[in-house]
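Participant: Have a look at this one before I ask anything.
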Amino acid sequence: MLESYLTGLLVCGGIIMAIGAQNAYVLGLAVRREHHWWSAGLCMSSDLLLLTAGMFGVGALLLTFPSTMEVMRWLGVAFLGWLACQALFRATTGRQGLTVSASGERSLKQVLLATLAVTVLNPQVYLDTFLLIPAVGAQQESAAVFVAGAGTASILWFSLLAWGGSALSPWLSRPWAWRMIDGVIGLMMAAIALHLAFSGLKS
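Everything in the sequence shown is counted per the numbering used here, starting at 17 for the first residue and increasing by one.
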């Protein structure tokens, strides 16, 4: 049982920690202290839901419709490109650091909807949670304990992003620091969008 838990923790943790659109978005919110814990919580909940569904075979049903995955792929490219443009625009025009309201410019509803879009419009998420991770989980003694370990990895990682980004905010009060952060996040989003557009999905 413990082996199943640790396997889920390590396998899922390794996949989640890879730099992706979801991680970059949550980190950006955390640095700006813009409803970051709500966003991180939604990411944790989504991961747990998708992992559980994947273990029970929902992914196999979805992947029988390749046209659906292709549509989601291009929606993801468009949305990630839009986020990249927003971040790069902020990087070029500048911001006033922490003299701006700490609650950010967007409402909680807008942040949650954007977080959900970053999650569900990335087809690679489904390949990971519906195929790769369940393939490992199917070989474990207890699938439920494996999912618990994978869920723990998600909770720990997104908590670290939310806490770490927020903790760095007081040291990032200068406008040039904010511009650098937005620039890096914008470039990351653009790179992920281009990779998804030209490389497609790899199972």
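Think of the CB as a built atom: it goes at the ideal place given N, C-alpha and C, for glycine as much as any other residue. Just so it is clear, the structure is predicted and the values come from calculations on it, not from any experiment.
Which whole-angstrom value describes the C-beta separation of Ser-20 and Gly-165, a residue pair presumed to lie in contact below a C-beta threshold of 8 Å?
Facilitator: Correct: roughly 7 Å between the Cβ atoms.
Participant: Within this structure, are the beta carbons of Ala-178 and Trp-90 separated by less than 8 Å?
Facilitator: No.
Participant: Near Ser-117, which residues of its chain fall below 6 Å by C-beta distance, leaving aside the five closest residues on each side in sequence?
Facilitator: Only weak support is given to the placement of Ser-117: the predicted model assigns it a pLDDT of 43, under 50, and the question is left unresolved by the model.
Participant: Are there 16 or more other CB atoms within 10 angstroms of the CB of Met-71, so buried, or fewer, so exposed?
Facilitator: Flag for Met-71 reads buried.
Participant: In angstroms, rounded to a whole number, what distance separates the CA positions of Phe-214 and Leu-104?
Facilitator: Between Phe-214 and Leu-104, the C-alpha separation is close to 21 Å.
Participant: Keeping to the same chain, check which residues put their C-beta closer than 7 Å to that of Ala-133; ignore five residues upstream and five downstream.
Facilitator: Cβ within range, chain order: Phe-95.
Participant: To which residues of the same chain is Gly-3 closer than 8 Å at the C-beta, ignoring the five residues directly before and after it?
Facilitator: Outside the shown range of the chain, which is 17 to 219, sits residue 3, and nothing can be said about it.
Participant: Quick check on Ala-151: buried or exposed, where buried means 16 or more other Cβ atoms within 10 Å of its Cβ?
Facilitator: Exposed, by the Cβ-count rule.
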